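Taking it in order: structure first as structure tokens, then the write-up.
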Amino acid sequence: MRTLKLGMVGGGNGAFFGAAHRAAAAMTGRFSLVAGAFSSDAVRARESGNDLGLDPDRCYADFETMAQREASRDGIDLVAVVTPNHLHAPACRAFLSAGINILCDKPLTATLDEAHALQKVAEDSTSLFGVTYTNAGFDMVREARAVVAAGEIGAVRLVRVAFPQEWLATATEATGNKQAEWRTDPARSGAGSLGDIGTHAFHLVEFVTGLTATSLSAEVDTFVAGRRVDDNVTAKLRFGGGAKGLLWASQVAIGETNGLKIDVHGDKGSLGWTVEAANQLTFAPLGGRRMVIDRASHGTAFKGLMPPGHPQGFIEALARLYIDMAEQIEARRAGRAAAADALLLPGIGDGVRGLRFVDAALRSGAEDGRWTDI
Numbered sequence: 001m002r003t004l005k006l007g008m009v010g011g012g013n014g015a016f017f018g019a020a021h022r023a024a025a026a027m028t029g030r031f032s033l034v035a036g037a038f039s040s041d042a043v044r045a046r047e048s049g050n051d052l053g054l055d056p057d058r059c060y061a062d063f064e065t066m067a068q069r070e071a072s073r074d075g076i077d078l079v080a081v082v083t084p085n086h087l088h089a090p091a092c093r094a095f096l097s098a099g100i101n102i103l104c105d106k107p108l109t110a111t112l113d114e115a116h117a118l119q120k121v122a123e124d125s126t127s128l129f130g131v132t133y134t135n136a137g138f139d140m141v142r143e144a145r146a147v148v149a150a151g152e153i154g155a156v157r158l159v160r161v162a163f164p165q166e167w168l169a170t171a172t173e174a175t176g177n178k179q180a181e182w183r184t185d186p187a188r189s190g191a192g193s194l195g196d197i198g199t200h201a202f203h204l205v206e207f208v209t210g211l212t213a214t215s216l217s218a219e220v221d222t223f224v225a226g227r228r229v230d231d232n233v234t235a236k237l238r239f240g241g242g243a244k245g246l247l248w249a250s251q252v253a254i255g256e257t258n259g260l261k262i263d264v265h266g267d268k269g270s271l272g273w274t275v276e277a278a279n280q281l282t283f284a285p286l287g288g289r290r291m292v293i294d295r296a297s298h299g300t301a302f303k304g305l306m307p308p309g310h311p312q313g314f315i316e317a318l319a320r321l322y323i324d325m326a327e328q329i330e331a332r333r334a335g336r337a338a339a340a341d342a343l344l345l346p347g348i349g350d351g352v353r354g355l356r357f358v359d360a361a362l363r364s365g366a367e368d369g370r371w372t373d374i
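Under full-length UniProt numbering, the residue at position 224 of the sequence shown is numbered 224, and the numbers go up by one with no gaps.
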């Protein structure tokens with residue numbers, strides 16, 4: 001397998017997620033960063049490319065030019081789109097039109113209408129499309145999915161997911177924090193905690209359980225005075241088949257750093273996972289002892305990048321998504337089917353589901369928690 005050429009849109013100097021993507025891609029040994037449009041500011045874009053040691057000829061001032069020029073040369077195999085939300089759709093359209101594979105940050109777009117429109121373009125394109133719901137890359141999250149699919153906890157009855165953070169508990173956006181500025185600007189983010197972390201929690205529920213949420217009743221809050229987007233959401237979920245769920249996503253929960261957690265209860269047992277103990281999955285059969293699973297047993301595909309016993313973190317989980325994309329690209333080129341675990345990479349349909357959740361929650365919240373179809 002040859003090293004695949006990676007490009008990046010956004011993620012310039014000082015951007016958190018661009019650096020995370022570059023570290024994850026490098027960890028796989030499958031990608032080499034060769035091109036980028038790292039900022040809408042031409043000077044910052046050029047400086048970012050220079051600091052990364054890239055050829056100045058492949059450091060672009062805008063993503064439209066990048067897509068056109070990379071398509072007309074021996075160009076990139078994959079582009080990572082790590083811009084603020086409002087730029088996801090136009091950037092992805094440019095690279096879809098150029099026939100270049102995409103790995104886009106979540107939420108897929110700023111609005112549901114944009115998501116539906118982008119999905120149509122993607123379906124008419126030959127490009128592969130992945131969405132970085134990073135938690136789908138954790139080995140124990142994939143193991144949880146396999147445990148549920150194998151029927152080991154029986155039919156799912158109840159699901160509880162929580163994603164609390166405290167970093168926006170005050171008006172952080174007024175202090176010069178650029179991450180807070182764009183994430184609390186509805187023109188750039190679309191929504192607040194709903195899009196930023198609520199979509200992660202929602203995707204995790206459907207990914208682990210294999211169920212599809214059909215409707216919700218949500219309460220959407222803005223606790224910080226003057227803030228223009230939501231910073232807290234609680235929602236009840238209904239699933240096909242009768243299962244019920246609870247979802248809480250908050251960025252004003254003081255004392256919480258990044259406390260993502262999911263519990264799934266079936267009619268034969270339960271399981272639980274938290275990102276704070278990402279290498280462990282708890283399992284409790286009905287009437288039996290609660291036990292800890294610390295290595296995957298449902299197929300050798302679910303092997304971490306490090307040997308068992310070495311903690312798996314955020315970068316490793318993101319790297320797993322890059323490995324999945326690399327396998328899909330190589331399989332397509334070789335004219336063979338991709339390995340089954342590579343297909344666990346969230347796709348554009350998962351991205352659209354996230355925006356459907358956001359849209360339904362906002363509509364439900366505006367009507368005092370009315371049950372609303374997703």
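All C-beta atoms, glycine included, are put in the ideal place defined by N, C-alpha and C.
All values derive from a computational prediction rather than experimental measurement.
### Outcome for Thr300 when other beta-carbon atoms lying within 10 angstroms are tallied against a minimum of 16
Unreliable positioning characterises Thr300 in this predicted model, as indicated by a pLDDT of 46, which lies under 50. The coordinate reading is nonetheless provided below. So Thr300 counts as exposed.
#### Entry: Own chain partners of His86 with C-beta closer than 6 Å, once the 5 adjacent residues on each side are dropped
Ala110, Arg188
### Query
Near Ala89, which residues of its chain fall below 6 Å by C-beta distance, leaving aside the five closest residues on each side in sequence?
Thr109, Glu114, Leu118
#### Entry: Limits of the beta strand (DSSP E) - the one that Trp167 falls within
No beta strand (DSSP E) contains Trp167, which DSSP labels as neither H nor E.
### Message
Distance check for Thr172 and Asp105, CA to CA, integer angstroms please.
### Response
23 Å
### Query
Are Ala35 and Ala45 touching if we call contact CB-CB under 8 Å?
no
### Task
Evaluate Phe16 with the Cβ neighbour count: other Cβ atoms within 10 Å of its Cβ, from every protein chain shown; 16 or more gives buried, anything less gives exposed.
exposed
#### Entry: Beta-carbon proximity list for Arg58, same chain, < 7 Å, skipping 5 on both sides
Val34, Ala35
### Task
Decide if Asp56 is buried, meaning its Cβ has at least 16 other Cβ atoms within 10 Å, or exposed.
According to the sequence as given, residue 56 is Pro; it is not Asp. Exposed, by the Cβ-count rule.
#### Entry: Phe202, enclosing alpha helix (DSSP H) - first and last residue
199–209
### Task
Please name the residue, chosen from Thr3, Leu286, Met291, that lies closest to Ala155 on a Cα-to-Cα basis.
Leu286
### Query
Which runs of the alpha helix (DSSP H) fall wholly inside the segment 213–237 and span at least 4 residues, in chain order?
none
### Task
Would you check if the distance between the CB atom of Val82 and the CB atom of Gly11 is smaller than 8 Å?
yes
### Message
Please classify Pro186 as buried or exposed, where buried requires at least 16 neighbouring CB atoms within 10 angstroms.
### Response
exposed
### Query
Going by the beta-carbon positions, is the gap between Met140 and Ala278 smaller than 8 Å?
yes
#### Entry: Backbone CA spacing between Glu256 and Asp221 [nearest angstrom]
18 Å
### Exposure of Asn135, with buried meaning 16 or more beta-carbon neighbours within 10 Å
buried
### Message
Taking its Cβ as the centre, do 16 or more other Cβ atoms sit within 10 Å of Ala366, making it buried, or is it exposed?
### Response
exposed
### Task
Report the rounded CA-to-CA distance for Arg142 versus Ile374, giving the unit in angstroms.
25 Å
### Task
Have a look at Gly75 and Arg30 and give me their C-alpha separation to the nearest angstrom.
16 Å
### Task
Figure out for me which residue from Gly335, Arg336, Ala317, Arg363 has the closest Cα to the Cα of His21.
Ala317
### For Val252, three-class secondary structure by DSSP
coil
### Message
For the segment 311–328 against the segment 341–352, do three or more pairs of beta-carbon atoms, one drawn from each stretch, fall closer than 8 Å, so that the two count as touching?
### Response
yes
### Length of the line joining the Cα atoms of Ala98 and Thr170
43 Å
### Task
Return the bridge partner residues of Gly160 from the DSSP annotation.
Strictly speaking, residue 160 in this sequence is Arg, with Gly absent from that position. According to DSSP, which records beta bridges pairwise, Arg160 is partnered with Leu246, Asp263.
### Query
For Ala80, does the three-state DSSP call read helix, strand or coil?
strand
### Task
Please report how far the alpha carbon of Met325 lies from the alpha carbon of Gly130, in whole angstroms.
7 Å
### Query
Cα separation between Thr372 and Phe207?
21 Å
#### Entry: Member of Leu260, Val252, Leu237, Ala296 whose CA lies at the smallest distance from the CA of Thr157
Going by the sequence as given, residue 157 is Arg instead of Thr. It is Leu237.
#### Entry: Cut-off 7 Å between Cβ atoms - residues of its own chain near Asp230, not counting five sequence neighbours on either side
Ala191, Gly192, Ser193, Leu194, Val220, Asp221, Thr222
### Query
With distances taken between CB atoms, is the gap from Gly369 to Ser127 smaller than 8 Å?
no
### Message
Quick check on the DSSP output: the beta strand (DSSP E) that includes Phe283 runs from which residue to which?
### Response
281–285
### Arg227 to Thr199 span [Cα, whole Å]
20 Å
### Query
Taking the alpha-carbon positions, what's the Ala331 to Val233 distance?
40 Å
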